[in-house]
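With this note's numbering, letter number 251 in the sequence shown gets 404, and the count goes up by one each step, no holes. Where is the CB? At the ideal position from N, CA and C, for every residue including glycine.
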Amino acid sequence: MKTYLAISLTALMVLEALVPSPGAGGKRAHQPICVSLSIECVVSQNSGHDAGIYPHGVRTSYSWYAGGAAATGNGAPPSDFTSLTGWGQIYPQAGAPNVAANIYLKDYRVYVHLTSGGWRLVQDQATNSVDGGHYVADFSDNSSTTMDLILEPDRSIRMSSPSPGYNDHFWMEPRGSYAPETVDGVFSLAELRTDSANANLIANFGGDWWRDTSAPYLYRDGVFVNNPGIGMGAWVRLTTTYQYFFFTTMTRSQLQTDPPPPLR
154 MKTYLAISLT ALMVLEALVP SPGAGGKRAH QPICVSLSIE CVVSQNSGHD
204 AGIYPHGVRT SYSWYAGGAA ATGNGAPPSD FTSLTGWGQI YPQAGAPNVA
254 ANIYLKDYRV YVHLTSGGWR LVQDQATNSV DGGHYVADFS DNSSTTMDLI
304 LEPDRSIRMS SPSPGYNDHF WMEPRGSYAP ETVDGVFSLA ELRTDSANAN
354 LIANFGGDWW RDTSAPYLYR DGVFVNNPGI GMGAWVRLTT TYQYFFFTTM
404 TRSQLQTDPP PPLR
């Protein structure tokens, strides 16, 4: 079990920004399920909050209850930071039956956009390891239990689905690195599936900036000192076939002008 959270948006535990309750006027989108690589798919998962599905065990007042914030085009890290990590989280869907299942993760990659133009791959499931745990759904007290992450013959990672009140939270190690003040955006993609059509699981992906590749987790006076959150994408329901999950800080026009390698 880790001694720090890989996910660190300030709303996770103590900062609860109010969001519209389901069906009460919040922006509602069609399910952004993506089975192909395209800018439209990326935008569909990063351009709004509310896809109409919600994580069981997370307070409705949490700013990320209805999904991550829209892409802003403002993805620069703090000027003295030189590292980041991508992460994902999987929850039982609120209001739906919870059926135990396996989940499979493959081809997880994280890129940074350079201020000089172009992209750099900084984390890759093919060469990085995947770590994580079953965390309490709202991350209270940073409490978690062990989660087995099994490498399959096809190089995918298998994990068990979370029980109600918990999630599957995972990230790649080691952290990716870059030179200070050379990065102004992030793009990541991965593929997920479950082996049960009745599992009723939802997931999204995001990332954290890190001060450097070895800085410890440090939460002080309401601030994540060494790993402020970058953001996260929309909630997407898992299916029994692989589908793409995306996270980016880039806008549609930025992606069109300078697309990351997987979208070329």
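A direct Cα-Cα distance of roughly 13 angstroms separates Leu-354 from Ile-186.
7 angstroms or more divides the Cβ of Ala-279 from the Cβ of Ser-349. Contact annotation: Phe-292 and Gly-241 have beta-carbon atoms that are not nearer than 7 angstroms.
Per the coordinates, the alpha-carbon of Pro-230 lies some 15 angstroms from the alpha-carbon of Val-263. Inclusion of Trp-362 and Leu-267 in the CB contact set at 7 angstroms is not warranted, their separation being larger than that value. Sixteen is the threshold: since fewer than 16 other Cβ atoms of the shown chains lie within 10 Å of the Cβ of Thr-225, the residue is exposed. Cβ neighbours of Ala-247 within its own chain (closer than 7 angstroms, five residues either side excluded): Tyr-207, Pro-208, His-209. Shown here, Pro-415 sits in a helix according to DSSP, grouped into three states. For the 7 angstroms CB-CB criterion, Arg-328 and Thr-366 form a contact. Three or more beta-carbon pairs separated by less than 8 angstroms are not found between the stretch 366-384 and the stretch 303-321, which leaves the two stretches without contact. Within the stretch 193-267, the complete beta strand (DSSP E) segments at least 3 residues long are 236-245, 255-267, listed from N- to C-terminus. Here the alpha carbons of Gly-239 and Asp-233 stand approximately 19 angstroms from one another. A straight-line Cα-Cα distance of about 32 angstroms links Ala-219 and Gly-271. Of all alpha-carbon atoms in Ala-356, Lys-259, Ala-332, Ser-296, the one lying nearest the alpha-carbon of Met-385 is that of Ala-356.
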